[in-house]
Amino acid sequence: DVAVVQLPSGEVKRLDPQCRATIGVVAGGGRTEKPFVKAGNKYHKMKARGTKYPRVRGVAMNAVDHPFGGGGRQHPGQPKSVSRDAPPGRKVGDIASKRTGRGGNK
1 DVAVVQLPSG
11 EVKRLDPQCR
21 ATIGVVAGGG
31 RTEKPFVKAG
41 NKYHKMKARG
51 TKYPRVRGVA
61 MNAVDHPFGG
71 GGRQHPGQPK
81 SVSRDAPPGR
91 KVGDIASKRT
101 GRGGNK
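Quick note: the sequence shown uses UniProt numbering, first residue 1, plus one each step.
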């Protein structure tokens, strides 16, 4: 006992009659291709995901707010790679990076 199905391409498939299938294409295809256009649209998407937005860079902050903050121009002002033993608050940037010598003993 077999069911014969002819697809739009002309191909003929022989299937078990107990098989189930859906017809058509998934709704909303290509929705992610459209640009956000406005910051508000991006804000609402991130809010729905529970993601902090906008994400402010440390170098754009004041010195009191972040270890990379302050200065006359936007630069970290100190090495970005930091030891794993650094205290909380200093542990920003590349934590225990493997290629800089601050990764700890291996």
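Positions of the beta carbon are idealized from the N, C-alpha and C atoms, including for glycine.
Would you identify the three-state DSSP class for residue i, choosing helix, strand or coil?
{"i": "residue 38", "result": "coil"}
{"i": "residue 14", "result": "strand"}
For residue i, count neighbouring Cβ atoms within 10 angstroms of its own Cβ and tell me buried if that reaches 16, exposed if not.
{"i": "residue 37", "result": "exposed"}
{"i": "residue 67", "result": "buried"}
Between the alpha carbons of residue i and residue j, how many angstroms are there, rounded?
{"i": "residue 3", "j": "residue 13", "result": "8 Å"}
{"i": "residue 49", "j": "residue 1", "result": "49 Å"}
{"i": "residue 16", "j": "residue 31", "result": "35 Å"}
{"i": "residue 92", "j": "residue 34", "result": "34 Å"}
Between which two residues does the beta strand (DSSP E) carrying residue i extend?
{"i": "residue 56", "result": "Taken as a continuous stretch (DSSP letters only), residue 56 belongs to no beta strand (DSSP E), as it is neither H nor E."}
{"i": "residue 5", "result": "3–6"}
Problem - Complete runs of the beta strand (DSSP E) confined to the UniProt region "Disordered" (62–106) [at least 3 residues] - result: none
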